[in-house]
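Trainee:
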Amino acid sequence: MANREQLKQAAVGDYIELVYGGGLPERNRKRGKYPVYGSNGVVGYHDQSLVQGPGIIVGRKGTVGQVTLSKSDFWPIDTTYYVKLKRDGDIFFWFYLLQTLGLSQMNSHSAVPGLNRDNVYNIVREIPCPAEQRSIAKILCDLDEKIELNHQMNKTLEAIGQALFKRWFVDFEFPGHEKTRVVNGVPDGWRKGNLIEISDLLMGQSPPGDTYNEQGDGVVFYQGNRDFGFRFPTPRVYCTAPTRMAEALDVLISVRAPVGAINITMEKCAIGRGVAALRMKHFSNGFLFYFLSTRSDLWDRFNSEGTVFGCLNKAEFQKVDLVIPSDAALKQFDSVIKPIEAMIRKNETENRLLVGIRDSLMPKLMSGKIRVNT
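Under numbering that gives the first Met the number 0, think of the first position of the sequence shown as 0, with each following residue one higher.
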């Protein structure tokens with residue numbers, strides 16, 4: 000077991016160097032496999048790398064202090080630093096440690112946000128020996144790898160759902176289609192209609208601003224699509240006086256610019272004026288979600304260049320035409336899609352738990368409050 004004496008109070012600058020990235024304007028990039036990193040993450044690709052991976056990129060200008068890890072060789076541009084170890088250590092450990100130093104709060108330029116590396120170098124922390132660094136990094140990396148595995152599984156499951164939706168309801172290759180007559184582009188037993196005929200719509204309404212908080216008081220509140228994720232929004236803001244409530248598994252859609260982003264609620268939540276909630280009148284929301292998520296073209300005119308302010312209202316939803324499947328087809332689609340949707344939610348629930356564990360462990364591991372075997 001590692002003991003307390005192995006931790007040394009030292010300046011960060013004794014262990015790492017923040018090296019300026021290299022200028023690489025977009026016009027000079029050539030198609031390639033190497034990621035190009037700006038201060039806020041990947042901004043493109045190039046046919047050459049500047050730094051051998053794995054490596055750490057730190058936002059210098061713009062998104063100050065954002066810490067990003069590249070597992071492969073990469074090119075950090077001149078709005079970033081990349082990390083060079085000055086002595087034996089674990090690069091993954093430093094990726095996690097840098098996230099706990101509050102670098103995003105160290106803006107030293109008033110006009111254009113900027114991170115002064117000398118301020119980072121002067122931060123003093125207890126730095127474990129290389130062996131313990133590796134042990135700490137393994138714990139956190141294992142958690143992140145499981146989170147990423149679940150995320151990739153969900154992307155695969157959603158792709159399966161989208162493929163099924165397209166086959167059944169776009170190409171009309173649903174079970175039994177060979178024996179179904181199609182007249183004027185509509186299978187027998189199906190009909191033309193609009194979105195509001197099959198779903199209930201709830202337009203959001205913002206509660207008083209003084210009822211918002213980020214301490215978890217009240218119910219989860221989504222004002223717009225800021226907290227939208229790959230499929231589910233991430234709880235961040237709460238509200239003690241909600242005015243409009245969406246139910247768990249409702250489909251959320253952003254109704255103010257940018258218009259049309261789609262997510263699904265994991266829990267009952269309050270919705271503000273930047274969001275609307277939709278729910279199928281019959282059957283589950285699988286059909287509704289895949290229809291909206293594959294029809295981003297519906298909202299192009301609201302997001303097009305030159306539009307001053309795009310906004311969706313109930314009348315706009317009523318204009319969304321579609322071919323409404325028969326109840327039998329929707330019921331059969333439900334029976335296929337529900338297990339897929341349940342697995343996606345299970346993975347998301349597990350990821351939220353894992354993220355909570357990781358975020359709770361990280362500062363304790365980095366401060367030495369929790370020690371690990373070496």
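Think of the CB as a built atom: it goes at the ideal place given N, C-alpha and C, for glycine as much as any other residue.
Sort I323, T264 and G259 by Cα distance to D296 and report the nearest one.
Mentor: G259
Trainee: Can you give me the C-alpha to C-alpha distance between T293 and L287, rounded to a whole angstrom?
Mentor: 10 Å
Trainee: So, helix, strand or coil for Y120, using DSSP?
Mentor: helix
Trainee: Leaving aside the five residues before and after V18 along the sequence, list all residues of the same chain whose C-beta is less than 8 Å from its C-beta, in chain order.
Mentor: Y80, Y81, V82 and K83
Trainee: Leaving out five residues on either side along the sequence, give the residues of the same chain with a beta carbon under 6 Å from the beta carbon of A9.
Mentor: I126
Trainee: I want to know whether the stretch 25 to 39 touches the stretch 87 to 106 - three or more CB-CB distances under 8 Å.
Mentor: Contact between the stretch 25 to 39 and the stretch 87 to 106 is absent, because fewer than three Cβ pairs lie under 8 Å.
Trainee: Give a yes or no on whether 8 Å exceeds the smallest Cβ distance from K337 to chain D.
Mentor: Of the protein chains in this structure there is only one, and it is not chain D.
Trainee: Rounded to whole angstroms, how far is the Cβ of V50 from the Cβ of Y44, which I believe are closer than 8 Å?
Mentor: With a Cβ gap of about 15 Å, V50 and Y44 do not count as contacting.
Trainee: Looking only at its chain, what residues have a beta carbon closer than 6 Å to the beta carbon of T179, apart from the 5 residues adjacent to it on each side?
Mentor: Close CB contacts of T179 within its chain, under the 6 Å cut and outside five residues either way in sequence, are with P186 and D187 (chain order).
Trainee: Counting Cβ pairs, one atom from each stretch, are 3 or more of them under 8 Å apart for the stretch 236 to 244 and the stretch 205 to 214?
Mentor: The stretch 236 to 244 vs the stretch 205 to 214: in contact.
Trainee: How far does the alpha helix (DSSP H) with V354 in it reach, from first residue to last?
Mentor: Here the alpha helix (DSSP H) through V354 covers D326 to S366.
Trainee: Check whether the Cβ atoms of F220 and G184 lie closer than 8 Å to each other.
Mentor: no
Trainee: Given a cut-off of 8 Å on the beta-carbon distance, is the pair E144 and V371 in contact?
Mentor: The answer is no: Cβ separation not under 8 Å.
Trainee: Keeping to the same chain, check which residues put their C-beta closer than 8 Å to that of G223; ignore five residues upstream and five downstream.
Mentor: Closer than 8 Å at Cβ, skipping near neighbours: S253, R255, G271, G273 and V274.
Trainee: Do the stretch 111 to 123 and the stretch 65 to 76 touch if we need at least three Cβ pairs shorter than 8 Å?
Mentor: Note that the stretch 111 to 123 does not touch the stretch 65 to 76; fewer than 3 beta-carbon pairs, one per stretch, sit closer than 8 Å.
Trainee: Confirm the yes/no value for this check: CB of A341, any heavy atom of the ligand SAM, distance under 7 Å.
Mentor: The ligand SAM is absent from the structure shown, which contains no ligand whatsoever.
Trainee: What residues in its chain sit with their C-beta under 8 Å from that of W189, if we drop five residues either side in the sequence?
Mentor: V322, I323, P324, S325 and A328
Trainee: For L100, which residues from the same chain have a beta carbon less than 6 Å from its beta carbon, with the 5 sequence-adjacent residues on both sides left out?
Mentor: I122
Trainee: Please say whether L68 and F94 have beta carbons closer to each other than 8 Å?
Mentor: yes
Trainee: If we ignore side chains and look at the alpha-carbon of each, how far apart do E172 and G160 end up?
Mentor: Rounded to whole angstroms, E172 to G160 spans 14 Å at the Cα level.
Trainee: Per DSSP, what are the beta-bridge partners of M279 in this structure?
Mentor: S198
Trainee: Have a look at L97, E349, S359 and D358 and flag the residue whose alpha-carbon is nearest the alpha-carbon of M152.
Mentor: Checking every option, the nearest Cα to that of M152 belongs to E349.
Trainee: Using a threshold of 8 Å, state whether the C-beta atoms of I263 and L248 are closer than that.
Mentor: A contact, by the Cβ cut-off of 8 Å.
Trainee: Do you know whose CA, among Q317, K191, G175 and S359, lies nearest L201's CA?
Mentor: Q317
Trainee: Three-state secondary structure (DSSP) at S38?
Mentor: Coil, per DSSP.
Trainee: In chain order, what residues of the same chain lie with their CB nearer than 6 Å to the CB of P232, ignoring the 5 residues before and after it?
Mentor: Y221, D226 and N262
Trainee: Can you give the Cα-Cα distance for R166 and L96, rounded to whole angstroms?
Mentor: If I take the Cα positions, the gap works out to 48 Å.
Trainee: Which one or two residues does DSSP pair with T79 in a beta bridge?
Mentor: G58
Trainee: Which residue or residues does DSSP assign as beta-bridge partners of T67?
Mentor: Partner(s): I56.
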